[in-house]
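Novice: For the sequence shown, position 185 matches number 503 in the working numbering, and the numbering has no gaps at all.
Just so it is clear, CB atoms sit at the ideal spot from N, CA and C, and this is done for glycine as well.
This is the structure I have questions about; it appears just below.
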Amino acid sequence: MKKYLLFTVFVSGMTTLAAELAAGRLIGNVFGTSNLVWASIIGLILIYLTAGYFLGGKWADANPTPAAMYRILAWGAFTIGLVPYIAGPVLRAASTAFDALSVGIMAGSFIAVLILFSVPITLLGAISPFAIRLSVDDTSKAGQISGQIYAISTLGSFIGTFLPTLVTIPTIGTTKTFLVFGLFLLCVALAGLGKFASKNEMLKLIWMPVVLALVAILSAGQALKSNKGQVYETESAYNYIQVQEINGFTLLRLNDGQGVHSIYHPDTLQYNGPWEQFMVGPFFYANRKPQDVERMAIVGLAAGTAARQATAVYGDIPIDGFELDGKIVEVGQKYFGLNLPNLNIYIGDGRLNLERSPYQYDIIAVDAYRPPYIPPHMTTQEFFEIIASHLTDDGVLTINVGSVPGDRRLIDGLATTIATQFASIHIMDIPGSLNTMIFATKQPTTREDFAANFVALSSDVSIEPLLLNTMAATYTNLTEGYTTTTVFTDDLAPIEWIVNDMVVSFVLQGGLEFLQ
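Given below as structure tokens:
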């Protein structure tokens, strides 16, 4: 029995962590993957485990039998398997509310889904103290046995950290991840009942896997979201990926769906968003022409909107696209015309792959948002040193930054940091959005040179209209600069702190109305 108890706590620990990570994806599909969301998930899971440890100890003393423990385990496993199916309707309602920015429904749904985890996680938390009580038959070895059980449980948790992220969620999805782990743990519980209690005790709960299987069959084919115009959805190791068709435009949305990461239309390349802004940076230099741009890098390729626009303006120049999520690239190739012969795609972390690149670029575009955050390691002085070293002498960096009305702390911090490596900084706000573009040039440049280039290019009939339209929008929306603040470094870049405060203040001050 002791060997099977160790196996039980291993599987229980593995399932607990798998459920926690799958909960992050389940909730993140609607509410995003911000630190605030993760803090809520992790914090409440710890509270539920605390309750489980306390109750498990009391239950074990009151009824120290394998039958009692495995019944608790069976109910915990059963409810884990049910979670995504019960949460599904709530999350779909929340998804609709998120699109309509109905704050009350969003908050209520978020709380309701988190409460769903209270029963299964509390029950799973009860298993380790119960197993210790059943294993201790010599009090002189109580410490050794409890240490062994917690070590085995933690080892299971370690496995449960990686299996969902690297294997089950990308291959079978979040819902089936809950189902697979729940069914596996349920089989362990039922086998334990049959082995150490009685066959009759096991048969009393044999309906549990049957119900889970029926629920899974009846729910098969349901989309995680059912938003307007949805034509495709999938999950990767990093994101929930959604493709929508709205008014002839194909949109790429990730996770909570509040940001459009790529856009495609077969008959136009003008989208009035951040994508086209990445190609105008070189024209802050005096006497610049499109043929002066010979190579470009995009950190955060997504489905390739910026690459398609740059190719239309600059011709078939080599473009190196760095994208962390290979599944997004597959979606881009299927739905967004991401089949450019001049585009070289590198899957992996953008900073690492850019640092390894042997090339010098005239343009480096950074668009690596995981709303509402920029990855902190792509905001630091060391990162911008890498960028500067991979730019030609008259190269330009352009980075997409989030802002909210009246709060430019993130913009100011990034501009201050970039200015330690670049001679000139130019900033423009994209109208009707929360996007701000920062242009940084290695040599001193002025907005007057940008205006002069626009006038000169406007008289050239061979210039792609997309370039002229974008330059006009850029110049019109240039700001007066930035406030010098703290330089972000690899050691200290308080991006999450700044963004969390910005987001909370924005919502509390009624800022959601700005988005409607």
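What separation, rounded to the nearest whole angstrom, lies between the Cα atoms of residue 325 and residue 477?
Specialist: On the sequence shown, residue 325 is found 7 positions in, with the first residue counted as 1. On the sequence shown, residue 477 is found 159 positions in, with the first residue counted as 1. Taking the straight line joining both Cα atoms gives about 13 Å.
Novice: Assuming contact is defined by CB atoms lying nearer than 8 Å, are residue 790 and residue 772 in contact in what I supplied?
Specialist: Numbered from its first residue, the sequence shown carries residue 790 at position 472. Numbered from its first residue, the sequence shown carries residue 772 at position 454. Contact flag set, yes.
Novice: Which two residues bound the contiguous beta strand (DSSP E) that contains residue 759?
Specialist: Here the question's residue 759 lines up with position 441 in the sequence shown. Element bounds for residue 759: 753-759.
Novice: Does DSSP put residue 565 in a helix, in a strand, or in coil?
Specialist: On the sequence shown, position 247 is the one that residue 565 refers to. Three-state DSSP puts residue 565 in coil, outside helix and strand.
Novice: Kindly indicate which three-state DSSP category residue 641 falls into: helix, strand or coil?
Specialist: In the sequence shown, residue 641 corresponds to position 323, counting from 1. In the structure shown, residue 641 sits in a strand (DSSP, three-state: E or B).
Novice: Report buried or exposed for residue 735, applying the criterion of at least 16 other Cβ atoms within 10 angstroms of its Cβ.
Specialist: Translated into the one-based positions of the sequence shown, residue 735 becomes position 417. The residue in question, residue 735, is buried, as its Cβ has 16 or more Cβ neighbours within 10 Å.
Novice: Would you list the residues sitting across from residue 617 in a DSSP beta bridge?
Specialist: Along the sequence shown, one-based indexing puts residue 617 at 299. Paired residue(s): 640 and 684.
Novice: Taking the C-alpha atoms as reference points, what is the distance between residue 610 and residue 597?
Specialist: Taking the first residue of the sequence shown as 1, we reach residue 610 at position 292. Taking the first residue of the sequence shown as 1, we reach residue 597 at position 279. Going by the C-alpha atoms only, they are around 12 Å apart.
Novice: For residue 678, name the three-state secondary structure that DSSP assigns.
Specialist: As a first step, residue 678 must be located in the sequence shown, where it is residue number 360. Coil.
Novice: In the DSSP assignment, find the unbroken beta strand (DSSP E) run with residue 578 in it and report its ends.
Specialist: Here the question's residue 578 lines up with position 260 in the sequence shown. Counting along the chain, the beta strand (DSSP E) containing residue 578 begins and ends at 578-582.
Novice: Would you grab the beta carbon distance between residue 706 and residue 739 for me? Rounded to a whole angstrom, and I think it's under 8 Å.
Specialist: To locate residue 706, count along the sequence shown from 1; it is residue 388. To locate residue 739, count along the sequence shown from 1; it is residue 421. About 5 Å; that satisfies the 8 Å criterion.
Novice: Since residue 452 is in the alpha helix (DSSP H), which residue starts that stretch and which ends it?
Specialist: Mapped onto the sequence shown, residue 452 falls at position 134. Segment 445-453, the alpha helix (DSSP H) holding residue 452.
Novice: Excluding five sequence neighbours on each side, which residues of the same chain lie with their C-beta closer than 7 Å to the C-beta of residue 784?
Specialist: Here residue 784 corresponds to residue number 466 of the sequence shown, with the count starting at 1. Cβ neighbours of residue 784 beyond the five flanking positions: 587, 588, 594, 627, 630 and 631.
Novice: Within 10 Å of its beta-carbon, does residue 453 have 16 or more other beta-carbons around it, so buried, or fewer, so exposed?
Specialist: Taking the sequence shown and counting its residues from 1, the one referred to as residue 453 is at position 135. Looking at its Cβ environment, which holds 16 or more other Cβ atoms inside 10 Å, residue 453 is buried.
Novice: Is residue 651 helix, strand or coil when you go by DSSP?
Specialist: For the purposes of this step, residue 651 is taken as the residue at position 333 of the sequence shown. It is helical.
Novice: Going residue by residue through the segment 705-754, where are the continuous alpha helix (DSSP H) segments of at least 4 residues, counting only ones entirely within it?
Specialist: 727-736
Novice: I believe residue 802 touches residue 698 by the beta-carbon criterion, under 8 Å. Please report the beta-carbon distance rounded to the nearest angstrom.
Specialist: Walking along the sequence shown from the start, residue 802 turns up at place 484. Walking along the sequence shown from the start, residue 698 turns up at place 380. No, residue 802 and residue 698 are not in contact; Cβ-Cβ is about 17 Å, not under 8 Å.
Novice: Output yes or no for whether 8 Å exceeds the beta carbon distance between residue 479 and residue 619.
Specialist: Numbered from 1 along the sequence shown, position 161 holds the residue referred to as residue 479. Numbered from 1 along the sequence shown, position 301 holds the residue referred to as residue 619. No, Cβ-Cβ distance for residue 479 and residue 619 is not below 8 Å.
Novice: Tell me whether residue 662 sits in a helix, a strand or coil according to DSSP, three-state version.
Specialist: Along the sequence shown, read from residue 1 onward, the residue named residue 662 stands at position 344. If DSSP states are grouped into helix, strand and coil, residue 662 belongs with the strands.
Novice: Since residue 712 and residue 761 are thought to touch, with beta carbons under 8 Å apart, how far apart are those beta carbons, to the nearest angstrom?
Specialist: Here residue 712 refers to the residue found at position 394 when the sequence shown is read from its first residue. Here residue 761 refers to the residue found at position 443 when the sequence shown is read from its first residue. About 6 Å separates the two Cβ atoms, so the contact holds.
Novice: Over what stretch of residues does the beta strand (DSSP E) that includes residue 553 continue unbroken?
Specialist: The count along the sequence shown starts at 1 and reaches residue 553 at position 235. Residue 553 -> beta strand (DSSP E) spans 548-553.
Novice: Within its chain, find whatever has a CB closer than 6 Å to the CB of residue 409; leave out the 5 residues flanking it on each side and keep chain order.
Specialist: Your numbering for residue 409 matches position 91 in the sequence shown. These residues qualify, in order along the chain: 348.
Novice: Select from 624, 683 and 400 the residue whose C-alpha is nearest the C-alpha of residue 658.
Specialist: Counted from its first residue, the sequence shown places residue 658 at position 340. That would be 624, whose Cα lies nearest to the Cα of residue 658.
Novice: If you follow the alpha helix (DSSP H) that residue 518 is in, where does it begin and where does it stop?
Specialist: In the sequence shown, the residue the question calls residue 518 occupies position 200. Segment 517-522, the alpha helix (DSSP H) holding residue 518.
Novice: By the three-class DSSP mapping on this structure, what secondary structure does residue 586 have?
Specialist: As a first step, residue 586 is located in the sequence shown; it is residue number 268 there, counting from the start. In the structure shown, residue 586 sits in a strand (DSSP, three-state: E or B).
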